[in-house]
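Our numbering numbers the first residue of the sequence shown as 11 and each following residue consecutively. Glycine included, C-beta positions come from ideal geometry on N, C-alpha and C. Since the structure is predicted, the reported quantities are computational estimates derived from the model, not experimental observations. Okay, so here's the structure we're looking at.
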Amino acid sequence: MDISVDLDAPAIALSICAHPDDTEFGAGATLAKWAAQGTRICHVVCTDGSKGTWDPNADITQLISTRANEQAAAQRILGGTGSDVWFLGAVDGELENSAVLRRELVALVRTIRPDVIFGHDPWKRYRLHPDHRAAGFLTIDAIVAARDTFFFPELGLTPHRAHTLLLFEADEADHFEDVAESLPTKVEALLAHTSQLRSTMFINDPAAPEEARRFADETRRHAADAALDARRRAADAARKGITPHPGVAAIELAEAFKRMRVD
Ligand SMILES: [Zn+2]
11 MDISVDLDAP AIALSICAHP DDTEFGAGAT LAKWAAQGTR ICHVVCTDGS KGTWDPNADI
71 TQLISTRANE QAAAQRILGG TGSDVWFLGA VDGELENSAV LRRELVALVR TIRPDVIFGH
131 DPWKRYRLHP DHRAAGFLTI DAIVAARDTF FFPELGLTPH RAHTLLLFEA DEADHFEDVA
191 ESLPTKVEAL LAHTSQLRST MFINDPAAPE EARRFADETR RHAADAALDA RRRAADAARK
251 GITPHPGVAA IELAEAFKRM RVD
């Protein structure tokens, strides 16, 4: 397997995820790194996030609006405008790769015209959450439809071909982004999803700094594991005669992706 490291920062990057906070977990540090280099970063969130609470008495309408605001805040922390965030509004937990949603995504891709698109890896094995599988397939199918002329011609939008798709939560990672500089920004963006601190970040007391520190340490360990994986995969490739990318030896903190060409 050919291992690559560090794409050039694109002009426009678009991440398509199932729930508010998925993009920050999967690609937050890469987006923050690129935004600092001038990339316009855009988020599409497929569902309304309405299952994201453990509180049986939660006001769901309020939760949906809170999570939308948190997503905009997180996007601003990563270096976005806060307004380059779109919600497809599917019910959380019931996302399907439907023609209606594909059409909406195609319209967005043809309007935003990203160079790089991020999405969930739908082929990741033993994945629990159905929305992550559905969002992955929805993203990939929409990329193909956005690219080719005779899909949804009634939209009246010029087809668009991104050059690269990067799948996060990758089952077989083969592309790594060095995130040593931007990892703290990823943590900060994740902590902006305050309604999710307990359920996804296991922070029981938001006022306790040691809990946020523990979460930051865990995120750092995860990035160190990804970098170790990069070096191991590059060593495997080298044994098979594939020259490793020069950046891989020095990488210490990474986000990992499956890289797919779109053409
Ligand atoms: Zn999710």
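Taking a cut-off of 8 Å on C-beta distances, the stretch 167-185 touches the stretch 112-124, as three or more cross pairs fall below it.
The stretch 95-177 is shown to contain whole alpha helix (DSSP H) runs of 4 or more residues at 109-122, 140-157, in chain order. Met11 sits exposed, since fewer than 16 C-beta atoms from the chains shown fall within 10 Å of its C-beta. Taking 8 Å as the upper bound for CB-CB distance, Val154 and Leu98 are not in contact here, some 18 Å apart. Shown here, Val54 sits in a strand according to DSSP, grouped into three states. Restricting attention to Arg269, Val272, Arg231, the CA atom closest to the CA of Leu263 is found in Arg231. A distance criterion of 7 Å places the beta-carbon of Asp141 in contact range of ligand 1, judged by its closest non-hydrogen atom.
When distances are taken from the beta-carbon of Ala28 to the heavy atoms of ligand 1, the shortest one is below 7 Å. Counting along the chain, Leu17 sits inside no beta strand (DSSP E), nor does DSSP assign it H or E at all. With contact defined as three or more Cβ pairs closer than 8 Å, the stretch 89-98 and the stretch 43-60 are in contact. The DSSP assignment places no complete run of the alpha helix (DSSP H) inside the stretch 36-86 (cut-off: 4 residues). Annotated as proximal: Pro132 and Gly146, with beta-carbon spacing under 8 Å.
For Phe212, the secondary structure class from DSSP, reduced to helix, strand or coil, is coil. Residues Asp184, His185, Phe186, His255, Arg269 of the same chain have their beta carbon placed closer than 8 Å to that of Ser14, with the five preceding and five following residues left out of the count. The alpha helix (DSSP H) runs lying completely inside the stretch 217-262 and spanning 4 residues or more are 219-249, given in chain order. Between Arg208 and Trp64, the C-beta gap is smaller than 8 Å, which places the two residues in contact. When DSSP states are grouped into helix, strand and coil, Ala264 belongs to the strand group.
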